[in-house]
Each structure stands twice: as C-alpha cells, then as structure tokens.
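Each protein sequence line maps, in turn, to chains A and B.
According to this note's numbering, the first sequence is numbered sequentially starting from 1.
According to this note's numbering, the second sequence is numbered sequentially starting from 1.
Protein chains: 2
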Amino acid sequence: MTDQKVLTAPHPLGQEELRQSIELLFFAYRDFTAEADAILAEYGFGRAHHRVIYFVGRHAGITVSDLLDILRITKQSLGRVLGQLVLDGFIVQRPGLRDRRQRLLELTEKGAALERRLTGRQADSIARACAEAGPHAVDGFRSVLLGLVHDGDRVRFTRRPERNGGE
Amino acid sequence: MTDQKVLTAPHPLGQEELRQSIELLFFAYRDFTAEADAILAEYGFGRAHHRVIYFVGRHAGITVSDLLDILRITKQSLGRVLGQLVLDGFIVQRPGLRDRRQRLLELTEKGAALERRLTGRQADSIARACAEAGPHAVDGFRSVLLGLVHDGDRVRFTRRPERNGGE
DNA sequence: CAAAGCATGTCAACATGACTGACCAAAAAG
DNA sequence: CTTTTTGGTCAGTCATGTTGACATGCTTTG
C-alpha cells in the first residue's frame with residue numbers, strides 16, 4: 001500500500017502534520033504531567049502546588065510578584081496554594097529588607113526534598129524520551145518549543161536564569 | 001568496556017538541560033493554549049470544550065466512550081461540556097444503530113467552523129515555530145514528544161487515525 | 001513632612017471543570 | 001427471564017482559576 005510512516009515531514013508541513021503536532025503536544029503534556037500529579041496526590045497537592053514549588057526552588061528568594069509573572073495567574077489564586085504550602089512547612093516567607101511589603105519565598109528542606117522528587121521524576125521522563133529519539137532530536141525539540149514561547153519569556157532560556165540581586 | 005558512560009550519547013543531558021526542557025514544555029504549552037483560549041472565551045467556552053470539539057471533528061461519529069479514552073477524564077466531566085455544546089448547536093448526537101445506547105457525536109456546520117478557526121490558529125502557531133526552527137528540527141520535536149506519550153496512545157501517530165467502522 | 005498615588009499582598013465571593021456516588025437504559029451473559 | 005456488563009446521565013463536592021474590595025508600605029510631590 002502507500003505509506004504508513006507519517007512521522008517525517010517533507011516540506012513546509014501539511015495540514016495533517018500540523019494536526020499531529022497539535023495532538024502530540026496534547027498527549028505528551030497530559031502524560032508528562034500525570035507522572036508528577038501522582039506524587040502530588042500523596043501530599044494532597046495539585047498541579048498548582050507543583051508549579052509553585054518548582055519555581056520557588058529554581059529561584060530562591062523570589063517575590064510573589066515575580067512568581068505571578070511566571071505563572072500568569074492572579075495573586076489570589078497563587079495566594080491560596082502558597083498559603084497551604086507555607087502552612088504545611090514546604091515554603092517559608094521572609095520579609096524583604098529593602099521593601100518590607102515583600103514576602104521572599106524559599107523552600108524548606110522538606111520542600112526541597114519534594115521538589116527534587118518531582119523534578120527528578122519528570123527529568124527521567126524527558127531523559128528517556130530524548131534518549132529514544134537520539135541526542136540530535138533534542139535540539140529540534142527544544143528549538144520548536146522555544147518558538148512557541150511568547151517573546152517576553154524566551155529570555156529565560158537564552159541567559160542564566162539566576163539573578164537574585166538585592167536581598 | 002563496561003564503563004557507565006559508554007551509552008553512545010555525546011552528553012546524556014545534564015541536570016540543567018533537563019530543567020530547561022521541563023520549563024520549555026511548561027511555557028510552550030501555556031502560551032500555545034492561551035491562543036485558543038482567547039477565541040473560546042468569545043463563545044463562553046473553556047479548554048474542555050475545545051478538546052471535545054477538536055476530537056469530535058477529528059473522528060466524526062465517535063462514541064462518548066471512545067472520547068473518554070482520549071481525554072482521560074470522567075464521563076460526568078465530559079457530560080457537562082458535551083451537553084453545553086449540543087445545546088448551543090455545535091455538536092449533534094445521533095443514536096447508534098448497532099447499539100441504541102450510544103450517542104454518536106458529530107460537529108454541526110457551526111461546530112466545524114469553530115473547529116477550523118481554533119485549529120487554524122494553533123496550526124499557525126506551530127507552523128511558525130517550526131519554520132523558525134527549521135524543517136529539520138521538526139522531526140526531533142515530534143519524536144521527543146512521541147516518546148513522552150504513553151505507549152497506549154502512540155499508535156495514534158503511527159497509523160491512520162481514521163477508523164470509523166461499524167455504523 | 002503630609003497627602004496622593006502606586007505596589008505588594010490578603011480576604012471574600014464566584015465560575016469552570018475536574019472528581020465520586022447513585023442512578024437509568026440497553027445489551028450481553030447465565 | 002434474571003443477572004451482569006456497558007453506555008450514558010443527574011446531583012453534589014473539590015481544586016483552582018477569576019474579579020472586586022481592601023490593608024499596608026513605599027514613593028513622589030506640594
């Protein structure tokens with residue numbers, strides 16, 4: 001019969017290839033996040049808690065405002081999950097020195113342990129997928145994803161993400 | 001032989017690369033879905049409606065059960081959004097002939113128009129990102145994503161997705 | 001300095017879209 | 001013909017997003 005290997009894109013990408021890419025993104029994200037969700041459920045947490053733990057771990061001392069810029073949710077939504085994480089001892093807040101309104105966020109050791117567990121699991125998933133696809137595929141994977149990220153956030157991937165000045 | 005770093009990869013992807021990949025997936029998915037969300041908001045719909053419209057468009061005559069297998073949500077969750085879409089005239093249900101309990105789902109012309117609008121917008125996003133990254137990157141993008149998809153669903157991308165036998 | 005305005009974060013009320021449990025109807029199994 | 005399985009629905013709850021009103025503290029200005 002005719003072809004059945006649909007996974008090679010000859011040219012500027014036809015309708016079918018684009019549809020498959022849309023679906024791949026949906027299925028991949030669904031399954032990728034399901035891994036961590038299972039762990040989070042043990043703690044009574046959801047995906048929102050995961051995102052907070054991850055980015056606080058990544059940027060120790062981050063302010064609530066900066067976290068909001070990353071997550072693109074409202075202060076109120078963040079406030080709820082953040083409050084739970086603080087109550088449960090996964091995150092500590094300390095007031096900013098330069099600006100006492102701020103609550104600079106940090107993981108506790110307990111929080112850092114959970115973060116390592118979650119990130120480790122997800123890193124394993126990606127590492128396995130990358131290994132299967134070959135090291136060469138990884139560059140393509142990353143550059144297409146980067147093209148999907150809105151301009152304002154691309155800088156996160158082109159320079160060092162660490163920059164915790166003042167406090 | 002027998003060393004541990006012999007497994008062919010030039011660099012097995014370090015911690016930092018893996019973290020960046022995790023974040024890329026988060027940011028790319030966030031921005032990718034935001035495009036369609038804006039359109040959906042005009043109709044008073046959410047992301048759940050989008051997924052239903054998309055997969056019903058993709059598999060005309062699909063049953064509720066098969067749709068549930070794709071979406072991995074509960075019948076009850078699907079029922080609500082599906083009910084709205086039927087009420088608003090975006091989807092029609094017709095009873096199965098072989099099994100009268102089934103409600104085979106199809107888009108109306110109105111539903112198909114919305115589906116084209118949503119998919120077109122998302123296809124443009126991906127096409128642009130792929131064009132920027134180069135046609136070569138696209139293969140890598142797709143094969144890594146495919147590696148993240150759980151086994152049971154990979155078959156959707158290796159053979160023709162159409163197969164509406166019975167009715 | 002005091003008042004105005006802006007920035008940071010909180011509280012209250014609400015909407016969406018997941019979930020579980022109880023249920024009905026039709027088909028399949030005995 | 002009963003019982004079990006399958007396909008789908010109704011009611012209620014939970015998680016997590018939203019907007020609006022607000023307290024506090026920094027900054028700017030008369």
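For every residue, glycine included, the Cβ atom is placed at its ideal position computed from N, Cα and C.
Determine the direct distance from the alpha carbon of LYS110 (chain A) to that of VAL64 (chain A), and round the result to whole angstroms.
-> 20 Å
Within 8 Å of chain A by C-beta, residues of the region 127 to 147 of chain B in sequence order | ALA127, ARG128, ALA129, CYS130, ALA131, GLU132, ALA133, GLY134, PRO135, HIS136, ALA137, VAL138, ASP139, GLY140, PHE141, ARG142, SER143, VAL144, LEU145, LEU146, GLY147
For SER125 (chain B), the nearest candidate out of B:ALA28, B:GLY140, B:LEU68, B:HIS50 (CA to CA) = B:ALA28
Going by alpha carbons, who is nearest to HIS59 (chain B) out of B:ALA48, B:GLY46, B:ILE91?
-> B:ILE91
Is GLY89 (chain A) buried or exposed, if buried means 16 or more other CB atoms sit within 10 Å of its CB?
-> exposed
Near GLY57 (chain B), what residues of its chain come up, given a Cβ to Cβ distance below 6 Å and the 5 sequence neighbours on each side ignored?
-> LEU107, GLU115
Which runs of the beta strand (DSSP E), 3 residues or longer, sit entirely within the region 70 to 141 of chain A?
-> 91 to 95, 103 to 107
Could you tell me whether the Cβ atoms of VAL52 (chain B) and ASP31 (chain A) are closer together than 7 Å?
-> no
Between the Cα of ASP69 (chain A) and those of A:GLY152, A:PHE157, A:LEU40, spot the shortest distance and give me the residue it belongs to.
-> A:GLY152
Taking the alpha helix (DSSP H) that THR158 (chain B) falls in, what are its first and last residues?
-> Counting along the chain, THR158 (chain B) falls outside any alpha helix (DSSP H), and DSSP gives it neither H nor E.
Top-ranked residue by Cα proximity to LEU105 (chain B), from B:GLY14, B:LEU67, B:GLU35 = B:LEU67
Using a cut-off of 7 Å between C-beta atoms, extract the partners of SER125 (chain B) located in chain A.
-> LEU148
Give the DSSP bridge partners of ILE62 (chain B), in chain order.
-> B:LEU105
Out of curiosity, what's the CA-to-CA distance linking ILE39 (chain B) and ARG98 (chain A)?
-> 42 Å
With distances taken from CA atoms, which of A:GLY83, A:ALA127, A:LEU25, A:GLN93 is nearest PHE45 (chain A)?
-> A:GLY83
Is ALA137 (chain B) near SER143 (chain A), with beta carbons less than 7 Å apart?
-> yes
Alpha helix (DSSP H) segment containing PHE27 (chain B), residue limits = 15 to 43
DSSP state of GLY46 (chain A), grouped into three classes?
-> coil
With a 10 Å radius around its C-beta and 16 neighbouring C-beta atoms as the bar for buried, classify LEU87 (chain A) as buried or exposed.
-> exposed
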